[in-house]
Amino acid sequence: MSAVGTASAAAARPPLFEVRDLRVVFPGPAGGLEAVSGVDLSVDRGEVLAVVGESGSGKSVTMLAAMGLTGPAVKVTGSVKLDGEDYLGRPEALRRLRGKRMAMIFQDPMTALNPVMTVGAQITEMIRIHDRSVSQRQAMKKAVDLLALVAVPFPERRAAQYPHEFSGGMRQRAMIAMAMANDPEVLIADEPTTALDVTIQAQIIELLDGLRRERGLALVLITHDLGIVAGLADRVAILYAGRVVERAPVREAYYRPAHPYTASLLKALPSLEGDRGRLVPIDGSPPGLAARPPGCSFHPRCPIAVPRCSVERPALIAVGDHAAACHLADLSARTPLPMPAAGGAR
Amino acid sequence: MTDATLPAATPAVRRRRTRPQWLTLPVIIGIAIIAFWVIVAVTVPLWTPYDPLMIAGRRLQPPSAAHWLGTDALGRDVLVRTLYGARYSLPIAVIVVAVAVAIGSALGAIAGYLGGLADSVIMRLVDVTLAFPPILLAMAVTAALGPGLDNAAIAMVAVSWPVYARLMRAQVLSLRGREHVEAAIAAGASRPRVLIRHILPLAWSPTLVNATMDLGQIVLLAASLSFIGLGALPPTPEWGQMISEGAVHFYSWWIAFGPGMAILSMVLGFSFVGDGLRDLFDPRSGT
Amino acid sequence: MLRTIVRRLIAVPLLLLGVVTIAFLLSNMTKGDPLVAIVGERQMTNPEVVAAAKARWGLDRPLPERYLVYVGNLLTGDLGTSFRTKRPVAQDLMVRLPATLELVIAAMIVGIVGGISLGVAAAHFRDKGMDHAARVLALLGSSVPVFWSGLLMLYVFSVLLGWLPGPGRLDPRMAAPPAVTGFYTVDALLAGDLPAFVDAARRLVLPAIVLGWAVLGIITRLVRASMLDVLGQDYILAARSKGATERRVLFNHALRNAMIPTLTIIGFSFAYLITGAVLTEAVFSWPGIGTYAVDAARALDYPAIIGVTIVGGAAFLLTNLVTDVAYALADPRVKLG
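Residue numbers (this note's numbering), protein chains in the order written: chain U, 6 to 351; chain F, 1377 to 1663; chain B, 194 to 530.
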């Protein structure tokens, strides 16, 4: 495990992958619809950052925008730095990074793999896009090795097969193999286990963890599954309505959440140990892009909101490596939030 | 799709929509074109200065103030003949399509509902008829029956009915299992009654869409047959016939121009309206 | 899949039999008297000549017998003898086949190449100028009467602009190249006769465009729709995340998937082409099967009519079968057996 340390203290060098003040605006009436409103994230070598949020929180859009995959109609501002160099606004340079130094795996491997190309061909494509000097035969050999690396049995045979001939878990492994083909430094995994059976999920998580350890991979894990976050991630960033509402090492977030949204999410989780209290779902649903409330976006659903919350938007304030965007958060005092007892939603 | 898809945004202010979704510009143009031709077909004898069959001026004159589309080989006004052509093309198309729909849908409904031997026989007949390229079959039938628009009409019906049989059969097959049908059967309704009162009323939309577009295609087919001499005979001012005359007097380009544009506009008109109907019945389909 | 192919193969001869039967019945429903075409009006008054003709053409036998004789002949490749040309229909067709094939192939190339290019461009530049222009062009292709566009194009390009020669396969002053394939263009090249090649090629341009325009219309619209559908899929996003250039995404990923439904249309457009070929040949004085069919129909030449109709039907059935097989082969998701 790498030393996570205090990110805000003067670091010897900047983190490997950094997103600063990312703003993503989709085309729409009145200047457009802002899906992401100033997100800061970073992840370092060998580290796992979990990006957590409900549907519509902007967690996927953030990472797609950071990779330059949102398309010409979408406006993206801010900075996206790999090893200190800013790539946002340089689409061609960003394209060359994709698949080479930064790779992405997707939620549903059935739809994310081209159905009319063999799995082997898709992996060799990954290799040959970035290195034309590799022959098809060499690339295919590497593809077979990669499939073996991710524990796909009979890799030579499998490489010649089509995605629909693979099982769900194997497809996800194949996608991971493809993503790792050029030994990237950053891997972004967008809900990699959501479409899989629970038993397979564990295997995939194991696989990702192994890769991180062996290669010093910086892993960004986009998910809504808090269980996986607890098992795999070092740090977690929680997104709500296009903004980071809390960012902390995982232990901190789970035992001393500083934001009521985080606390509510945790309360909504069933627990296998200890007091089997009532599960408390969060009332209401997240706001749509065009219907974000004034002040703090979470205030309509927040069990401890005060009048100030509906007027003034809380800034993301950090104390040490723990940051939260809530007027009522008291990070330095290290006391828990005054959340109501079980069953106490407003 | 991952979370990257745009969540359903409900803009606070909705632009006032006075036009329904399916009524796009092409559809409006299509309706206008068809309306134009229908009006022309009905009223043209009342307001044209020339008679389509009589000589109105000197032969082979290019377009002029007196004759907006010039005159043909016998000195007849081309524009008037073009307009009169609608009186032949439109009724023929309507009759042919109506009969084809009637025969095809009836056979298709029977095939779909009864299944078994009836289904096999009818569908084989459909397959065989569809195995012919339409124009060859139409030519063969017309040759057998003799030239003339009425025989051409019979030929065109023979060529068109199979599609409707297939459409209706597919609809009947899918509707047959619906609950209200089962309920009717359970209540003791006889087979014809179930078919007519419970299935057919819901089965018409694909047929209607296809029939609309077919109207344009039949106009085209009729003109094609006339062009090769198997449909309308001179001096009938039918568009295909006129174009074939225009081919003979090739340098007098205006002779074929009017009828050609007429056919094109009809095909486009019905095509647009058909697209609109398709959108109306199933907004999800279409490009 | 193998089972499906076998099932289709068995269906083909049965359908063909149906085709033949219908064609035969049609030709005997005649209103006009075929004897007139054979013997000539004058001779109709001569009973001996009439009887001889009846015997020779088998017109005095009962219908079912004629049918069996005909089917029997078909199996040996005998399509009967044309009343008009007095030659075996099969021979007439063979002689004229290359001309039609050359035209149809050229039209298919125009339609497919043009259609795919325009379809991809329209999808890529969705809702911009290129898209609208492509769609208008496609729409016109499917709506404009082929015999009219042929005349128009001839007038504009041959008479007004003088860029291309007039109707006909070859300049009447030139000799046709020695027949190897029957395609004037190919044969001229093979014989090293460059002037003939150029002339034949130039004369092929207009009819191919006119005929191919309809096919181009269908293919453009289908490719555009398929591409738009495919471009919204996840694997396109995944391909971009691999660092693929937009060009690679468009062609290696999107088009490859979009082509699959397009294949069926290519087969289906064959029907359009036959229809169009008949009319196009008439306009361009192209000596192919189309003009033969038209002449036959006008002259009530029944053996020729049946012959052409059967050949057309058979060709149509075969193309559909081939298309189905190609579709199954192209889409790896369609399982075998």
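All C-beta atoms, glycine included, are put in the ideal place defined by N, C-alpha and C.
These numbers were taken from a predicted model, which means no experiment stands behind them.
Go through its chain and collect everything with a Cβ distance to residue i's Cβ below 8 Å, but skip five positions before and after it.
i: residue 1673 of chain F; result: Not covered by the structure: residue 1673 of chain F. The range shown for chain F is 1377 to 1663.
i: residue 280 of chain B; result: 274
i: residue 363 of chain B; result: 369, 377, 389, 392, 393 and 396
Could you list which residues in chain B have their beta carbon closer than 8 Å to that of residue i, in chain order?
i: residue 1449 of chain F; result: In chain order: nothing, as chain B lies at least about 15 Å away.
i: residue 104 of chain U; result: 434, 435, 436 and 437
i: residue 1510 of chain F; result: 464 and 468
Taking Cβ-Cβ distances shorter than 7 Å, what residues in chain U pair up with residue i?
i: residue 427 of chain B; result: 111, 113, 116 and 117
i: residue 446 of chain B; result: 119
Report the CB separation of residue i from residue j in whole angstroms; it is logged as a contact under 8 Å.
i: residue 87 of chain U; j: residue 21 of chain U; result: 7 Å
i: residue 492 of chain B; j: residue 319 of chain B; result: Not confirmed; about 52 Å, so no contact.
i: residue 113 of chain U; j: residue 179 of chain U; result: Between residue 179 of chain U and residue 113 of chain U the Cβ distance is about 13 Å, and since that is not below 8 Å, they are no contact.
i: residue 26 of chain U; j: residue 49 of chain U; result: Not quite, the Cβ-Cβ distance comes to about 19 Å (not below 8 Å), so this is no contact.
i: residue 250 of chain U; j: residue 330 of chain U; result: 5 Å
i: residue 209 of chain B; j: residue 510 of chain B; result: 7 Å
i: residue 258 of chain U; j: residue 267 of chain U; result: 6 Å
i: residue 181 of chain U; j: residue 198 of chain U; result: With 8 Å as the limit, residue 181 of chain U and residue 198 of chain U do not qualify as a contact, their Cβ atoms being about 11 Å apart.
i: residue 496 of chain B; j: residue 274 of chain B; result: 6 Å
i: residue 1641 of chain F; j: residue 1498 of chain F; result: Incorrect: roughly 36 Å between the Cβ atoms, too far for contact.
Residues of chain B with CB closer than 7 Å to the CB of residue i, please, in chain order.
i: residue 1517 of chain F; result: 219
i: residue 169 of chain U; result: 526
i: residue 1632 of chain F; result: 341 and 344
i: residue 1623 of chain F; result: 344 and 476
Bridge partners of residue i, per DSSP?
i: residue 195 of chain U; result: U:227
i: residue 80 of chain U; result: U:30
i: residue 1467 of chain F; result: Beta-bridge pairing links residue 1467 of chain F to no other residue.
i: residue 105 of chain U; result: According to DSSP, residue 105 of chain U bridges with nothing at all.
i: residue 254 of chain U; result: U:240
i: residue 39 of chain U; result: U:30
i: residue 91 of chain U; result: U:86
Which residues in the same chain have their Cβ closer than 7 Å to the Cβ of residue i, if we skip the five residues on either side of it in sequence?
i: residue 1648 of chain F; result: 1402, 1403, 1405 and 1406
i: residue 435 of chain B; result: none
i: residue 144 of chain U; result: 129, 132 and 133
i: residue 1388 of chain F; result: For residue 1388 of chain F, the predicted structure reports a pLDDT of 44, less than 50, and the residue's modelled location is therefore unreliable. A value from the coordinates is still provided. So the list is empty, once near-sequence residues are dropped.
i: residue 1384 of chain F; result: Confidence at residue 1384 of chain F is low in this model, with a pLDDT of 40, below 50, so its placement is unreliable and the value that follows should be read with caution. Closer than 7 Å at Cβ, skipping near neighbours: no residue.
i: residue 1377 of chain F; result: Bear in mind that the predicted position of residue 1377 of chain F carries a pLDDT of just 39, short of 50, making it unreliable; the figure below should be weighed with that in mind. Excluding residues within five positions, none has a Cβ falling inside 7 Å.
i: residue 1435 of chain F; result: 1447, 1449, 1450 and 1451
i: residue 213 of chain B; result: 264, 267 and 503
i: residue 319 of chain U; result: 301, 330, 331 and 332
Could you pull out every residue in the same chain whose Cβ sits closer than 6 Å to the Cβ of residue i, ignoring the five residues on either side in sequence?
i: residue 386 of chain B; result: 370
i: residue 1504 of chain F; result: none
i: residue 462 of chain B; result: 408 and 411
i: residue 24 of chain U; result: 46, 71 and 85
i: residue 33 of chain U; result: none
i: residue 191 of chain U; result: 22, 107 and 223
Identify the contact partners of residue i in chain B, using a Cβ-Cβ distance below 9 Å as the criterion.
i: residue 1627 of chain F; result: 348 and 352
i: residue 1412 of chain F; result: Within 9 Å Cβ-Cβ: nothing; residue 1412 of chain F doesn't reach chain B, min ~16 Å.
i: residue 1513 of chain F; result: 215, 216, 219, 502, 505 and 506
So which residues on chain F does residue i lean against when the C-beta distance must stay under 7 Å?
i: residue 313 of chain B; result: Correct list: empty, because the minimum Cβ distance to chain F is about 14 Å.
i: residue 215 of chain B; result: 1504
i: residue 336 of chain B; result: 1640, 1643, 1644 and 1647
Give me the chain F residues within the contact set of residue i, using Cβ-Cβ distance strictly less than 9 Å, ordered along the chain.
i: residue 491 of chain B; result: 1519, 1523, 1604, 1605 and 1606
> If you pair each beta-carbon of the segment 1417 to 1426 of chain F with each one of the segment 1462 to 1474 of chain F, do three or more pairs fall below 8 Å?
Replying inline: Two segments are said to touch when three or more pairs of C-beta atoms, one from each, lie closer than 8 Å; by this definition the segment 1417 to 1426 of chain F touches the segment 1462 to 1474 of chain F.
>> Quick test of the definition: if touching needs 3 or more C-beta pairs under 8 Å, does the segment 418 to 434 of chain B touch the segment 353 to 362 of chain B?
In response: Flag = no, the segment 418 to 434 of chain B and the segment 353 to 362 of chain B do not touch.
>> Taking 8 Å as the cut-off, does the segment 371 to 382 of chain B touch the segment 290 to 297 of chain B (at least 3 CB pairs, one atom from each stretch)?
In response: Inter-segment contact for the segment 290 to 297 of chain B and the segment 371 to 382 of chain B is present: three or more beta-carbon pairs are separated by less than 8 Å.
> Counting Cβ pairs closer than 8 Å, one from the segment 411 to 427 of chain B and one from the segment 311 to 326 of chain B, do we hit at least three?
Replying inline: At 8 Å Cβ cutoff, the stretches touch.
> Just checking, does the segment 208 to 220 of chain U make contact with the segment 174 to 191 of chain U on the three C-beta pairs under 8 Å criterion?
Replying inline: Yes, the segment 208 to 220 of chain U touches the segment 174 to 191 of chain U.
>> For the pair the segment 212 to 221 of chain B and the segment 514 to 521 of chain B, tell me if three or more CB-CB distances fall below 8 Å.
In response: When Cβ pairs closer than 8 Å are counted between the two stretches, the segment 212 to 221 of chain B is seen not to touch the segment 514 to 521 of chain B, the count staying below three.
> At a cut of 8 Å, does the segment 1441 to 1449 of chain F reach the segment 1620 to 1638 of chain F through at least three beta carbon pairs?
Replying inline: In the pairwise beta carbon analysis, the segment 1441 to 1449 of chain F is classified as touching the segment 1620 to 1638 of chain F: at least three pairs are separated by under 8 Å.
> Are the segment 259 to 269 of chain B and the segment 475 to 485 of chain B touching by the rule of at least three beta carbon pairs closer than 8 Å?
Replying inline: Contact fails: fewer than three Cβ-Cβ distances are below 8 Å.
> Quick one: any contact between the segment 26 to 43 of chain U and the segment 239 to 255 of chain U, if contact means 3 or more CB pairs under 8 Å?
Replying inline: They touch, by the three-pair rule.
> Do the segment 88 to 99 of chain U and the segment 137 to 157 of chain U meet, that is, are 3 or more Cβ pairs less than 8 Å apart?
Replying inline: No, the segment 88 to 99 of chain U does not touch the segment 137 to 157 of chain U.
>> For the segment 1588 to 1603 of chain F, list every residue whose C-beta sits within 7 Å of some C-beta in chain D, in sequence order.
In response: The chain labelled as chain D is not found among the protein chains of the depicted structure, namely U, F and B.
>> Would you call the segment 1505 to 1516 of chain F in contact with the segment 1559 to 1570 of chain F, where contact means no fewer than 3 C-beta pairs closer than 8 Å?
In response: Taking 8 Å as the limit for Cβ pairs, the verdict is that the segment 1559 to 1570 of chain F does not touch the segment 1505 to 1516 of chain F.
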